[in-house]
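Here is the structure we will look at.
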Amino acid sequence: MKRRTVIQGVGVLGGVAVTGGLLAACGGEDAPSGSSTTSAPPAGGATTGGGSAGGTELGATSEVPVGSARFFEGENVLVTQPTEGEFKAFSSVCTHQGCAVSKIDDDLMVCPCHGSEFSIEDGSVERGPAKKPLEAREVRVEGDTLFLA
Ligand code: FES
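If you number the sequence shown the way numbering that gives the first Met the number 0 does, the last residue is 148 and the count never jumps.
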């Protein structure tokens, strides 16, 4: 009896983990209406209320300088504004060995670990050792506020 209880418990935990993974993978526009949304979002993944279309609020558009970028550490994302009013977002996980690309040097996003540099235009590699571009993320502007979609 006891062993069976333990096994069932593991099954439930496994289901929760899978559900969490699916939610994270699908995190985006509209929440699925028919599925369970009882599990809380992962830590640091606070979503906004107030009737917005969803997504994680990053901050004000004015926090991202034109022709440069800003690192949002809590979300592991870099938001760039190559030209005024045009916002792009990239994962801050360096494609070399996974450090956080946390430094901004004018129009470059710089990894402090080995010095790889990435373009604010498209996340492409400007200088190695990284060989692959930063992964693009979706960013949405609502009024003067940036949301990670
Ligand atoms: Fe970023 Fe090596 S981990 S340059």
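Note that CB positions come from ideal geometry on N, CA and C, so glycine has one too.
* Hey, how far is the Cα of Pro111 from the Cα of Val100? -> For the purposes of this step, residue 111 is taken as residue 112 along the sequence shown, with counting starting at 1. For the purposes of this step, residue 100 is taken as residue 101 along the sequence shown, with counting starting at 1. Answer to the nearest angstrom: the Cα atoms are 7 Å apart.
* **Pick from Ala59, Glu74 and Leu107 that is closest to Gly84, judged by C-alpha positions** => For the purposes of this step, residue 84 is identified with residue 85 of the sequence shown, where counting begins at 1. Measuring C-alpha to C-alpha distances from Gly84 to each of Ala59, Glu74 and Leu107 identifies Ala59 as the nearest.
* Asked: Secondary structure at Thr94, three-state DSSP: helix, strand or coil?
  -> Taking the sequence shown and counting its residues from 1, one reaches residue 94 at position 95. Correct three-state label for Thr94: coil.
* Asked: Around the C-beta of Val65, are 16 or more other C-beta atoms found within 10 angstroms, so that it is buried, or is it exposed?
  -> The count along the sequence shown starts at 1 and reaches residue 65 at position 66. Looking at its Cβ environment, which holds fewer than 16 other Cβ atoms inside 10 Å, Val65 is exposed.
* If you count every other CB in all the chains shown that lies within 10 Å of the CB of Ala39, and 16 or more means buried, which is it? -> Position 40 of the sequence shown, counted from the start, is the residue given in the question as residue 39. Any reading at Ala39 needs caution, since the residue's pLDDT is 39, under 50, leaving its predicted position unreliable; the model's value is listed next. By the neighbour-count rule (16 or more Cβ atoms within 10 Å), Ala39 is not buried but exposed.
* May I ask you to list the residues that DSSP assigns as paired with Ala99? => By 1-based counting over the sequence shown, the position of residue 99 is 100. Answer is Val92.
* Please go through the same chain and pick out, in chain order, the residues whose beta-carbon is closer than 6 Å to the beta-carbon of Ile119, but skip the five residues on each side of it. => By 1-based counting over the sequence shown, the position of residue 119 is 120. Closer than 6 Å at Cβ, skipping near neighbours: Ala68, Thr79, Pro81 and Asp106.
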